[in-house]
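Numbering (our numbering) for the sequence shown: 457 to 936.
Note that the Cβ used here is the ideal one computed from N, Cα and C, for glycine as well.
Computed from a prediction, not measured in an experiment: that's the story for all the values here.
Report on one structure; see the data block that follows.
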Amino acid sequence: MDARIDDRQEGMLPAASIRQALEQVRLRCVACRAFYPVLEPGRTARYRCNCGEVLDVEIPLRLPASLPTSSGSAPLDRDPAAAWRQLFAERAALVPGAPGASIVQRSGVWRYRELILPLPDEAIISRAEGNTTLYAVGSDQQQETQASPGLRRIGDYAGLAQLYLKHEGENPTGSFKDRGMVVGVTMARLMGARAVACASTGNTSASLASYAALAGLQALVFLPAGQVAGGKLAQTLAYGARMIQVNGDFDAAMLLVEQVCDELGIYLLNSLNPFRVEGQKAIAFELLQQLNWQAPDWLVLPAGNLGNTSALGKAFLQARMLGLISRLPRLAAIQAAGANPFYLSYREGFVRRHAVQAHTVASAIKIGNPVSYSRARLVIQECSGVVEEVSDPEILEAKAVIDRAGIGCEPASAATVAGIRKLVRAGIIKPSERVVAILTGNLLKDHQTGIPRAETVSIDPDLASVRRTLDALGPLTSPS
Ligand SMILES: [Zn+2]
Numbered sequence: 457m458d459a460r461i462d463d464r465q466e467g468m469l470p471a472a473s474i475r476q477a478l479e480q481v482r483l484r485c486v487a488c489r490a491f492y493p494v495l496e497p498g499r500t501a502r503y504r505c506n507c508g509e510v511l512d513v514e515i516p517l518r519l520p521a522s523l524p525t526s527s528g529s530a531p532l533d534r535d536p537a538a539a540w541r542q543l544f545a546e547r548a549a550l551v552p553g554a555p556g557a558s559i560v561q562r563s564g565v566w567r568y569r570e571l572i573l574p575l576p577d578e579a580i581i582s583r584a585e586g587n588t589t590l591y592a593v594g595s596d597q598q599q600e601t602q603a604s605p606g607l608r609r610i611g612d613y614a615g616l617a618q619l620y621l622k623h624e625g626e627n628p629t630g631s632f633k634d635r636g637m638v639v640g641v642t643m644a645r646l647m648g649a650r651a652v653a654c655a656s657t658g659n660t661s662a663s664l665a666s667y668a669a670l671a672g673l674q675a676l677v678f679l680p681a682g683q684v685a686g687g688k689l690a691q692t693l694a695y696g697a698r699m700i701q702v703n704g705d706f707d708a709a710m711l712l713v714e715q716v717c718d719e720l721g722i723y724l725l726n727s728l729n730p731f732r733v734e735g736q737k738a739i740a741f742e743l744l745q746q747l748n749w750q751a752p753d754w755l756v757l758p759a760g761n762l763g764n765t766s767a768l769g770k771a772f773l774q775a776r777m778l779g780l781i782s783r784l785p786r787l788a789a790i791q792a793a794g795a796n797p798f799y800l801s802y803r804e805g806f807v808r809r810h811a812v813q814a815h816t817v818a819s820a821i822k823i824g825n826p827v828s829y830s831r832a833r834l835v836i837q838e839c840s841g842v843v844e845e846v847s848d849p850e851i852l853e854a855k856a857v858i859d860r861a862g863i864g865c866e867p868a869s870a871a872t873v874a875g876i877r878k879l880v881r882a883g884i885i886k887p888s889e890r891v892v893a894i895l896t897g898n899l900l901k902d903h904q905t906g907i908p909r910a911e912t913v914s915i916d917p918d919l920a921s922v923r924r925t926l927d928a929l930g931p932l933t934s935p936s
């Protein structure tokens, strides 16, 4: 299983163009700001600074040498922001599934590769991830909702006239994790790894297993015993990963996998891996492009391990630096009240880091000691962010509203809408503000949580029996 650089298989070493691309990438400690190259002789990969803190990827944000030219001979070099927008517009204009479309045209991650990880085509893999829907659900968005009154009920519930839901559950394996994983697995292959591993509450394991299979790598998944949703287990096994259940919670599995990867030279693909965080930035770039580069007032997301909070904050800061947007959205990170270490730190002005025993129905954010705490703290401060907590009953009530609108999501995702409702009522988010919330996962995760009980009646196959049953269930009403 050893995959250290020195004993890579023949032919696995990066080709010259890939090596050149990787040499431009640096890893920077979020605490002491020490720098490390990606290609360090004698080691597979580095996930932490020598001081113990997590690392951040730094790349030169450069426009590609050959820019699109279809709109004539405008001097785009004098307006770099316009050149970036045109580049992304031309790539997105191609039909994602069309035969012959290149990876950068099909993928909602690699479309932005110059802002994520600028690699040549031959180095990268893809399942056309991303390209997820931005649903307009505000109570005052009739034009955008296109006669979908079900959607507007979510805006009414949240108390907002302009609310968008970016549904990351529409990714290939059913969660936002695919965005970071496609970048992480691409890196694993370039680093010559033969095996990849993660600890997971379900979404990450399914994503890792899928992309590892695509890349021809063995996947090893550590799960907290008895705490992972059945559908996610099925996906993980079907894609061919080896699964090890750990007697303990997610945080225990996370500690273990880091030791295992160090010891056995396996490439670690938890969100401790800074390239996963880079891929997740694509959520922000894609939603900004869908909003025609008009930043919303708020970006609201569920907060567990804090990789997503870190990634979106970093992406917004970069988008402003490049002139793609003129101002930053404020971030609102929503935790479950039973898994709220980041909220506890926020409430104290981040004077210290907390760890808790996590208890919540929202399995995807059931995390007591978040890995990306330091990264996330910085972006909350830079983006004038807030951290809020919501109870499990509040999460399940919001989930029912999202489900009944015909969209649906996993419980953790519903923490966003529950959090918005609470922040609007507290006067922190103004009812007139434009808000985007991220739904992180598909309804089929935790499919036994917060779902109405099925009617178990069975009937004889005749019309009279149907009439009798419908009368008993209550009259059919038309939607309001
Ligand atoms: Zn350091």
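For this session: Can you say whether Arg475 is buried or exposed, counting buried as having 16 or more other CB atoms within 10 angstroms of its CB?
Result: On the sequence shown, residue 475 is found 19 positions in, with the first residue counted as 1. Burial call: exposed.
Exercise. Does the Cβ of Glu509 lie closer than 8 Å to at least one heavy atom of ligand 1?
Worked result: Residue mapping note: residue 509 aligns to position 53 of the sequence shown, counting from 1. Under cutoff, so the answer is yes.
Exercise. Hey, would you say Ile836 sits closer than 9 Å to Gly769, going by beta carbons?
Worked result: One-based indexing of the sequence shown puts residue 836 at position 380. One-based indexing of the sequence shown puts residue 769 at position 313. Less than 9 Å separates the beta-carbon of Ile836 from that of Gly769.
For this session: Note the first and the last residue of the continuous beta strand (DSSP E) segment covering Cys485.
Result: Here residue 485 corresponds to residue number 29 of the sequence shown, with the count starting at 1. It spans 482-485 - the beta strand (DSSP E) in which Cys485 sits, taken as one unbroken run.
For this session: State yes or no: is the C-beta of Arg489 nearer than 8 Å to some heavy atom of ligand 1?
Result: If you number the sequence shown from 1, residue 489 lands on position 33. Yes, since a heavy atom of ligand 1 falls inside the 8 Å radius drawn around the Cβ of Arg489.
Exercise. From this set, Gly594, Ala871, Ala554, Val843, which residue's C-alpha is nearest Leu787's C-alpha?
Worked result: Here residue 787 refers to the residue found at position 331 when the sequence shown is read from its first residue. Answer by Cα proximity: Val843.
For this session: Verify whether the separation of the beta carbon atoms of Gly615 and Cys865 is less than 9 Å.
Result: Within the sequence shown, residue 615 is the residue found at index 159, counting from 1. Within the sequence shown, residue 865 is the residue found at index 409, counting from 1. Not closer than 9 Å, so no.
Exercise. Would you call the CB atoms of Ala690 and Ala675 closer than 9 Å?
Worked result: Working through the sequence shown from its first residue, we reach residue 690 at position 234. Working through the sequence shown from its first residue, we reach residue 675 at position 219. No, these two residues do not count as a Cβ contact at 9 Å.
Problem set entry | Helix, strand or coil at Asp512 [DSSP, three-state] | As a position in the sequence shown, residue 512 is number 56, starting the count at 1. If DSSP states are grouped into helix, strand and coil, Asp512 belongs with the strands.
For this session: Within the stretch 583-658, note down every full alpha helix (DSSP H) run reaching 4 residues or more, in order along the chain.
Result: Qualifying alpha helix (DSSP H) stretches, in chain order: 598-601, 605-614, 633-646.
For this session: Along the alpha helix (DSSP H) that carries Val713, what are the first and last residues, could you check?
Result: Position 257 of the sequence shown, counted from the start, is the residue given in the question as residue 713. Note, Val713: alpha helix (DSSP H), 706-720.
Problem set entry | Pro493 in three-state terms, based on DSSP | Counting from 1 along the sequence shown, the entry for residue 493 is found at position 37. Residue state, collapsed to three classes: strand.
Exercise. Within 8 Å: the Cβ of Asn796 and any heavy atom of ligand 1?
Worked result: On the sequence shown, position 340 is the one that residue 796 refers to. Answer for Asn796: no, Cβ out of range of ligand 1.
Problem set entry | Own chain partners of Lys688 with C-beta closer than 7 Å, once the 5 adjacent residues on each side are dropped | By one-based count along the sequence shown, residue 688 stands at place 232. Cβ-Cβ distances below 7 Å link Lys688 to Gly658, Asn659, Ser661, Ala662, Lys901 in the same chain, with the five nearest sequence neighbours on each side left out; the list follows chain order.
For this session: Measure the C-alpha to C-alpha separation of Ala697 and Val677 and round it to an integer number of angstroms.
Result: For the purposes of this step, residue 697 is taken as residue 241 along the sequence shown, with counting starting at 1. For the purposes of this step, residue 677 is taken as residue 221 along the sequence shown, with counting starting at 1. Rounded to whole angstroms, Ala697 and Val677 show a C-alpha spacing of 7 Å.
Exercise. By Cβ distance below 6 Å, which residues in the same chain neighbour Ala874 in space, the five residues on each side in sequence not counted?
Worked result: Locating residue 874 in the sequence shown gives position 418, where the first residue counts as 1. Setting aside the 5 residues that flank it on each side, Ala874 is surrounded in the same chain by Val846, Glu850, Ile851, Ala854, each with a C-beta closer than 6 Å to its C-beta; the list follows chain order.
Problem set entry | Any 3 or more C-beta pairs closer than 8 Å across the stretch 570-578 and the stretch 503-522 | By the criterion of at least three beta-carbon pairs nearer than 8 Å, the stretch 570-578 is in contact with the stretch 503-522.
Problem set entry | Within the stretch 869-920, ranges of the beta strand (DSSP E) (whole runs, at least 3 residues) | Counting whole runs of 3 or more residues, the stretch 869-920 contains the beta strand (DSSP E) stretches 890-895.
Problem set entry | Cβ contact (3+ pairs, closer than 8 Å) linking the stretch 587-604 and the stretch 617-624 | Yes, the stretch 587-604 is in contact with the stretch 617-624.
Exercise. So does the stretch 813-827 actually touch the stretch 703-716, counting three or more Cβ pairs closer than 8 Å?
Worked result: Taking a cut-off of 8 Å on C-beta distances, the stretch 813-827 touches the stretch 703-716, as three or more cross pairs fall below it.
Exercise. Is the stretch 607-614 touching the stretch 501-514, taking contact as three or more C-beta pairs under 8 Å?
Worked result: With a cut-off of 8 Å, the stretch 501-514 and the stretch 607-614 do not count as touching, because too few Cβ pairs lie within range.
Exercise. Does DSSP put Arg809 in a helix, a strand or coil?
Worked result: If you number the sequence shown from 1, residue 809 lands on position 353. Look at Arg809 here: in three-state DSSP terms it is coil, with no helix or strand label.
Problem set entry | Assumed close pair Ala789, Ala759 - CB separation to whole angstroms, cut-off 8 Å | Indexing the sequence shown from 1 puts residue 789 at position 333. Indexing the sequence shown from 1 puts residue 759 at position 303. Right, their Cβ atoms sit about 4 Å apart.
Problem set entry | heavy atom of ligand 1 below 8 Å from Cys839 C-beta | Sequence index remark: in the sequence shown, residue 839 carries index 383 (1-based). Checking every heavy atom of ligand 1 against the Cβ of Cys839, none is found closer than 8 Å.
Exercise. To the nearest angstrom, how far is it from the Cα of His903 to the Cα of Leu673?
Worked result: Position 447 of the sequence shown holds residue 903. Position 217 of the sequence shown holds residue 673. If you take the alpha carbons of His903 and Leu673, they lie about 30 Å apart.
For this session: Output yes or no for whether 9 Å exceeds the beta carbon distance between Pro867 and Thr905.
Result: Numbered from 1 along the sequence shown, position 411 holds the residue referred to as residue 867. Numbered from 1 along the sequence shown, position 449 holds the residue referred to as residue 905. Closer than 9 Å, so yes.
Problem set entry | DSSP-derived helix/strand/coil call for Ser526 | Numbered from 1 along the sequence shown, position 70 holds the residue referred to as residue 526. Below a pLDDT of 50, predicted positions are generally treated as unreliable, and Ser526, at 49, falls in that range; the measurement from the model is reported next regardless. In the structure shown, Ser526 adopts coil according to DSSP, grouped into three states.
Exercise. Arg482 and Glu514 look like a contact to me (Cβ under 8 Å); what is the Cβ gap, rounded to whole Å?
Worked result: Numbered from its first residue, the sequence shown carries residue 482 at position 26. Numbered from its first residue, the sequence shown carries residue 514 at position 58. About 5 Å; that satisfies the 8 Å criterion.
For this session: Count the C-beta pairs between the stretch 804-815 and the stretch 886-893 that are closer than 8 Å, then say yes if the count reaches three, no if not.
Result: Judged by Cβ distances under 8 Å, the stretch 804-815 makes no contact with the stretch 886-893, as fewer than three pairs qualify.
Problem set entry | Anticipated Cβ contact below 8 Å, Pro887 with Ala471, distance rounded | Looking up residue 887 in the sequence shown gives position 431. Looking up residue 471 in the sequence shown gives position 15. Between Pro887 and Ala471, the beta carbon gap of about 55 Å keeps them out of contact (Cβ cut-off 8 Å).
Exercise. If Val652 and Tyr723 are in contact, beta carbons under 8 Å, what's the gap, nearest whole angstrom?
Worked result: Counted from its first residue, the sequence shown places residue 652 at position 196. Counted from its first residue, the sequence shown places residue 723 at position 267. The beta-carbon separation of Val652 and Tyr723, rounded to 5 Å, stays under the 8 Å limit for a contact.
Exercise. Within this structure, are the beta carbons of Tyr667 and Val641 separated by less than 9 Å?
Worked result: Numbered from its first residue, the sequence shown carries residue 667 at position 211. Numbered from its first residue, the sequence shown carries residue 641 at position 185. Taking 9 Å as the Cβ cut-off, Tyr667 and Val641 qualify as a contacting pair.
Exercise. When the distance is taken between beta carbons, is Ile739 closer than 9 Å to Arg833?
Worked result: Taking the first residue of the sequence shown as 1, we reach residue 833 at position 377. Taking the first residue of the sequence shown as 1, we reach residue 739 at position 283. Taking the C-beta atoms as reference points, Ile739 is found no nearer than 9 Å to Arg833.
Problem set entry | Residues bridged to Gln701 (per DSSP) | As a first step, residue 701 must be located in the sequence shown, where it is residue number 245. For Gln701, which the question treats as bridged, DSSP gives the partners Leu679.
For this session: Have a look at Leu780, Gly556, Thr912 and flag the residue whose alpha-carbon is nearest the alpha-carbon of Leu744.
Result: Sequence index remark: in the sequence shown, residue 744 carries index 288 (1-based). For the residues Leu780, Gly556, Thr912, the minimum Cα distance to Leu744 belongs to Leu780.
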